[in-house]
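In the numbering used here, the protein residues as written are 88 to 276.
Backbone N, C-alpha and C define an ideal beta-carbon position, used for all residues, glycine too.
Everything on this sheet refers to the single structure shown next.
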């Protein structure tokens, strides 16, 4: 009897959850919030350097296929016995989604990363392609690959220099530029 009741409760939960998701899909997720982020640690013995990055982000669907959001985080880079270079990061972004299949979406993201630290400040404008796959309920797997744009860095007391990035960098590992291929999990609230 207990097993039958447990199976009935599970079936009822799954049945009601499927209707809630269909209702959300018809609205195109407008008004839904989501959270995601980046976390990275690199220790390179060849260059005697290490870096740590934490960059949580949140966004909301302002229309059925457009989101606005922002990431705020911290990057610490240490080379040899020198003091760590600590950087504060703010990155507002906007995304446009296009449906490819029932659970698969591609998106284009425009972001404006800004880096602030004691030695230099930087800003940029980038376009990044990506894809999002709903794995069930409110969870998605997200992948971004490549980065197209420009970044300007101005050291304190020095002249600004610019870097242009064009193309797909699917296997690079530089955490500072946030431009290599990345995978993550996103949760919709």
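- For residue 185 against residue 175, the beta-carbon gap comes to about 33 Å, at or over 8 Å, which does not count as contact.
- Comparing alpha carbon positions, the residue from 159, 146, 250, 147 closest to residue 212 is 250.
- With a contact defined as Cβ atoms closer than 8 Å, residue 164 and residue 183 miss out at about 33 Å.
- In this chain, residue 204 is not harboured by any beta strand (DSSP E), its DSSP state being neither H nor E.
- Excluding residues up to 5 positions away in sequence, 147, 148 lie with their Cβ nearer than 8 Å to the Cβ of residue 118 in the same chain.
- Counting along the chain, the unbroken beta strand (DSSP E) around residue 240 starts and ends at 235-242.
- If you look at residue 275, you'll find it in the beta strand (DSSP E) that goes 269-275.
- With fewer than 16 neighbouring CB atoms inside 10 Å of its own CB, residue 248 falls in the exposed class.
- Residue 132 carries a coil assignment under DSSP once its states are collapsed to helix, strand and coil.
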